[in-house]
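Presented below is the structure to which this report refers.
In my numbering, the protein residues as written are 0 to 170.
And the structure:
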């Protein structure tokens, strides 16, 4: 019975049309750009949570709350990123290893990072996200993928806001 269901699922998936009316090769390019954005989002999310857990010093409470808020915002965007790739008929990130293969943001495994260095590094990472998002927007615009382009505008604004807050609290 299981074999029958798998055979039916495999054969129908191979012949099923894309759920999108966009050009298939263009959506693959957009999906590739979304994988990088998603992988980077998870990398920045985990680093933000790492710093949230390990921050110390006289501004502990303020930094702890700020980083938790920023981590939640980043994590909230990941579902829409992955689902956008799926809506175009493509796949997305599948595992931690997949994230590692696609991320362009460096991890930080240091035993101790000063609060100032945490804020500076996260600001740089969010600005890196902005650059990645702008490249992805160019790809989406070339593919005439208005929906992805619009979502990217929102994610760019959020990353710029996070970078701004990190800049202001670290002055």
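For glycine and all other residues, C-beta sits at the position ideal for the given N, C-alpha and C.
Report task. Give me the Cα-Cα distance between residue 95 and residue 114, rounded to the nearest whole angstrom. Result -> Numbered from its first residue, the chain shown carries residue 95 at position 96. Numbered from its first residue, the chain shown carries residue 114 at position 115. Distance between the alpha carbons of residue 95 and residue 114 is about 27 Å.
Query raised in the report: Would you call the region 97-114 and the region 44-58 in contact, with 3 or more CB pairs under 8 Å?
Result: yes
Query raised in the report: Do you know how far the Cα of residue 168 is from the Cα of residue 57?
Result: Taking the first residue of the chain shown as position 1, residue 57 is located at position 58. Taking the first residue of the chain shown as position 1, residue 168 is located at position 169. Approximately 13 Å, taken between the alpha carbons.
Query raised in the report: Hey, how far is the Cα of residue 128 from the Cα of residue 39?
Result: Numbered from 1 along the chain shown, position 129 holds the residue referred to as residue 128. Numbered from 1 along the chain shown, position 40 holds the residue referred to as residue 39. Using only the alpha carbons, I get a separation of about 7 Å.
Query raised in the report: Going along the chain, which unbroken runs of the beta strand (DSSP E) with 3 or more residues stay wholly within the region 61-146?
Result: none
Query raised in the report: Do residue 158 and residue 132 have their C-beta atoms within less than 8 Å of each other?
Result: For the purposes of this step, residue 158 is taken as the residue at position 159 of the chain shown. For the purposes of this step, residue 132 is taken as the residue at position 133 of the chain shown. Yes, these two residues count as a Cβ contact at 8 Å.
Query - residue 37 - DSSP class collapsed to helix/strand/coil - result: Along the chain shown, read from residue 1 onward, the residue named residue 37 stands at position 38. Looking at residue 37 - three-state DSSP - the assignment turns out to be helix.
Requested in this report: Could you pull out every residue in the same chain whose Cβ sits closer than 7 Å to the Cβ of residue 150, ignoring the five residues on either side in sequence?
Outcome: For this step, residue 150 is matched to residue 151 along the chain shown. Same-chain partners within the cutoff: 79, 83.
Report task. Spatial neighbours of residue 70 within its chain, please: CB distance less than 7 Å, with the 5 preceding and 5 following residues excluded, ordered by chain position. Result -> Here residue 70 refers to the residue found at position 71 of the chain shown. Here the set comprises 44, 47, 48, 51.
Query raised in the report: Measuring CB to CB, does residue 37 end up less than 8 Å from residue 54?
Result: The residue given as residue 37 occupies position 38 in the chain shown. The residue given as residue 54 occupies position 55 in the chain shown. Taking 8 Å as the Cβ cut-off, residue 37 and residue 54 do not qualify as a contacting pair.
Query raised in the report: With a CB to CB cut of under 8 Å and the five nearest residues on each side skipped, what residues in its chain are close to residue 148?
Result: Looking up residue 148 in the chain shown gives position 149. So the list reads 136, 139, 140, once near-sequence residues are dropped.
Requested in this report: With DSSP collapsed to three states, give me the class of residue 56.
Outcome: Within the chain shown, the letter at position 57 stands for residue 56. Note: residue 56 maps to coil in three-state DSSP.
Query raised in the report: On the premise that residue 21 lies in contact with residue 87, defined as a C-beta separation below 8 Å, what is that separation, rounded to the nearest angstrom?
Result: Taking the first residue of the chain shown as 1, we reach residue 87 at position 88. Taking the first residue of the chain shown as 1, we reach residue 21 at position 22. At roughly 6 Å, the Cβ-Cβ gap stays under 8 Å, so residue 87 and residue 21 are in contact.
Query raised in the report: How would you label residue 75, buried or exposed, when you count the other beta carbons within 10 angstroms and need 16 or more for buried?
Result: On the chain shown, residue 75 is found 76 positions in, with the first residue counted as 1. The residue is exposed, with fewer than 16 neighbouring Cβ atoms inside 10 Å.
Requested in this report: Report buried or exposed for residue 34, applying the criterion of at least 16 other Cβ atoms within 10 angstroms of its Cβ.
Outcome: Within the chain shown, the letter at position 35 stands for residue 34. Answer is buried; the Cβ neighbour count reaches 16.
Query - Simplified DSSP state of residue 165, which is helix, strand or coil - result: On the chain shown, position 166 is the one that residue 165 refers to. Note: residue 165 maps to helix in three-state DSSP.
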